[in-house]
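To keep things clear, I will list the structure first and then write my remarks on it.
Protein chains in written order, with this note's numbering: chain Y, 643 to 920; chain Z, 10 to 296.
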């Protein structure tokens, strides 16, 4: 079973929920797909085993063969190639690695060249296997690194994916193919607004989901009214407690210090498994 | 005209609450909400939309079924896995590159512009606002951020404004890069948690990479004063100004629930006063 944890609004407690579930259930593979700001390892304190670079393929133009005809630049939808009378310039940051430029080049002057965009890190804590990606500073596209993280999914183990915030491509890339998505929200106008957008996306890509309300007690009740009105299951409420916030600030998953929560996360996971039927 | 971007790396540290307060305090500024896939600023500033513009971020492939001979070449060559097994285009996965159209032997694939969102120009009680919304599941948020910033720039020139205040998105990827290129300063709002510190460091590296002057605000500092001290000494070592240290207060959430900024909702509160003092410091730099 693959369960992703996402939110729309940032800072609602995605990583905290994902880590606490993983530790409570045990024997899972944990993939941190928030490659722009990976934080799960700060709560999991894993032993790191190895690091692997992540590359994308960008065009390499053979100067001897290139006739500066400009077909590649004309084809490229992302303006990643610029051709002058003497030069063909490639802008790696704009390239989406579609490979079309090589196909349209009449001189067969374009091949693929590796371009480093980030790293994968592998670690473990007990029976939990952690993989996380780190986008290189200054590189705009996180999706190739997210794909590289998801390529590490191992058959046979339960998988928990920690999603980046937002509702656009990095979020979509992470949650696609999940059996279930947990949307973590907070009972505030911002939390509700961004939850609604995330719900729209999940409906569009047909991923079943439920809601965890974090910091319950702050804000208002509208998130509950919304969930009731839309028939969305509220799977769990985590109250706002100074202790939980303080433990988080020190990098301690609160279910380790407050064992009553371990059972609640196990029950939550059991409910998801039943609803998914796997 | 100067530009200031409010960022955070980690989400939920209080970017938008601070941006909205700045918008209220500023006398002559345009505010731009560049968190286009989860825009929240409008809930505090209540803009009245004057103009709506469709945003076309990219193309999307369309297969003409009457021409298609089901050879599957498009599916084979698509690196985005955007052609399904029954040879339909998965519009969410399609990045509009056009490879399918190139390889199709019978010219059955066409690229059409896709409307990925809307950009708005609005008026608030405090001045003009440029904002947008990406349609659910659409990509190209970086391009939409650029459009929001262009609209803000045009507005500021037309209205003779001397400042653009930009609310950024979490992370360090394309929408964030699009919201900081060419700005005069960035205020990074962080929190004294291990993740807050980690993400602050990555955003500061990003600002350095793009040559943007960094400033730091520690929000909810009293959640963990040891970590607050860690941030303070880290910033001191790196010569980064910490312009605000704000305590945790439930009033910020109450203000949000009431659709108000904290500087309006509770102007005498410690939080509001600290934001005002931070605003004055930023003005000194920007003027």
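Every residue, glycine too, gets a C-beta built ideally from N, C-alpha and C.
Beta-carbon gap between residue 117 of chain Z and residue 69 of chain Z smaller than 9 angstroms: no
Supposed close pair residue 180 of chain Z, residue 188 of chain Z - CB separation, criterion 8 angstroms: Wrong, their Cβ atoms sit about 11 angstroms apart, outside the cutoff.
Distance between residue 853 of chain Y and residue 918 of chain Y (C-alpha atoms, nearest Å): Roughly 15 angstroms separates the two Cα atoms.
Neighbourhood of residue 694 of chain Y by C-beta, 6 angstroms cutoff - its chain only, sequence neighbours within 5 removed: 762
Residue 686 of chain Y and residue 699 of chain Y: beta carbons closer than 9 angstroms? The answer is no: Cβ separation not under 9 angstroms.
On the three-state DSSP scale, how would you describe residue 123 of chain Z? strand
Please list, in chain order, the residues of the segment 202-223 of chain Z that have any C-beta partner in chain Y closer than 7 angstroms. So the list reads 202, 203, 204, 207, 208, 211, 214, 215 and 218, given in the order they occur along the chain.
Grab me the residues of residue 676 of chain Y's own chain with a C-beta within less than 7 angstroms of its C-beta, minus the 5 sequence neighbours each way, in chain order. The beta carbon of residue 676 of chain Y sits closer than 7 angstroms to those of 804, 805 and 806, all from its chain and outside the five residues before and after it, given in chain order.
Any chain Z beta carbon closer than 9 angstroms to residue 712 of chain Y: Residue 712 of chain Y does not count as touching chain Z.
Quick one: Cα of residue 746 of chain Y to Cα of residue 121 of chain Z, how far? Each residue's alpha carbon lies about 20 angstroms from the other.
Between which two residues does the alpha helix (DSSP H) containing residue 790 of chain Y stretch? 785-792
At what residues does the alpha helix (DSSP H) containing residue 831 of chain Y begin and finish? 831-846
With a cut-off of 8 angstroms on the beta carbons, I'd call residue 40 of chain Z and residue 53 of chain Z a contact; round off their distance for me. Not a contact, Cβ separation roughly 10 angstroms.
Boundaries of the beta strand (DSSP E) in which residue 226 of chain Z is found, first to last residue: It spans 222-228 - the beta strand (DSSP E) in which residue 226 of chain Z sits, taken as one unbroken run.
Is any beta-carbon of chain Y found at less than 9 angstroms from that of residue 138 of chain Z? no
Kindly say whether residue 756 of chain Y, judged by its beta-carbon, lies nearer than 9 angstroms to any beta-carbon of chain Z. Between residue 756 of chain Y and chain Z, the shortest Cβ-Cβ separation is not below 9 angstroms.
Taking the alpha carbon of residue 661 of chain Y as the reference point, which residue from Y:820, Y:847, Y:770 and Y:881 has its own alpha carbon closest? Y:770
Can you check whether the CB of residue 126 of chain Z is closer than 9 angstroms to the CB of residue 66 of chain Z? Here residue 66 of chain Z is near residue 126 of chain Z, since their CB atoms are less than 9 angstroms apart.
What residue does the beta strand (DSSP E) around residue 67 of chain Z start on, and which one ends it? 57-72
Could you check the C-alpha separation between residue 143 of chain Z and residue 858 of chain Y for me, to the nearest Å? 28 angstroms
Roughly how many whole angstroms lie between the Cα atoms of residue 663 of chain Y and residue 24 of chain Z? 28 angstroms
Just the C-alpha distance for residue 195 of chain Z and residue 645 of chain Y, rounded to the nearest angstrom, thanks. Rounded to whole angstroms, residue 195 of chain Z to residue 645 of chain Y spans 36 angstroms at the Cα level.
Residue range of the beta strand (DSSP E) that includes residue 804 of chain Y: Its beta strand (DSSP E) spans residues 800-804.
With a cut-off of 9 angstroms, does the C-beta of residue 147 of chain Z fall near any C-beta of chain Y? yes
Residue 730 of chain Y touches chain Z at which residues, Cβ-Cβ below 9 angstroms? Going along chain Z, no residue has its Cβ under 9 angstroms from residue 730 of chain Y, so there is no contact; the nearest lies around 18 angstroms.
Note down, in chain order, every chain Y residue with its Cβ under 8 angstroms from the Cβ of residue 70 of chain Z. In chain order: nothing, as chain Y lies at least about 11 angstroms away.
If residue 888 of chain Y sits next to residue 238 of chain Z, beta carbons under 8 angstroms apart, how far is it from one beta carbon to the other, in whole angstroms? Going by Cβ atoms, the distance from residue 888 of chain Y to residue 238 of chain Z rounds to 15 angstroms, so no, they are not a contact pair.
Counting only Cβ pairs nearer than 9 angstroms, list the residues of chain Z close to residue 780 of chain Y. 181, 186, 214, 215, 218 and 219
Should residue 94 of chain Z be labelled buried (16 or more other beta-carbon atoms within 10 Å of its own) or exposed? Classification for residue 94 of chain Z: exposed.
Alpha carbons only, please: which of Y:782, Y:903, Y:914 and Y:904 is nearest the one belonging to residue 877 of chain Y? Y:914
Residue closest to residue 258 of chain Z, alpha-carbon to alpha-carbon, out of Z:243, Z:249, Z:274 and Z:244: Comparing Cα-Cα distances from residue 258 of chain Z to each of Z:243, Z:249, Z:274 and Z:244, the minimum goes to Z:274.
For residue 696 of chain Y, which residues of its own chain have a beta-carbon under 8 angstroms away from its beta-carbon, when the five flanking residues on both sides are left out? 758, 759, 760, 761, 762, 775, 786, 787 and 790
For a cutoff of 9 angstroms on Cβ pairs, would you count residue 839 of chain Y as touching chain Z? Residue 839 of chain Y counts as touching chain Z.
Just to confirm the assignment: which complete alpha helix (DSSP H) runs, minimum length 4, are found wholly within the segment 178-254 of chain Z? 183-189, 203-218 and 234-247
Hey, is residue 765 of chain Y's beta-carbon within less than 9 angstroms of any beta-carbon in chain Z? no
Measuring CA to CA, which of Y:910, Y:883, Y:783 and Y:839 is closest to residue 900 of chain Y? Y:883
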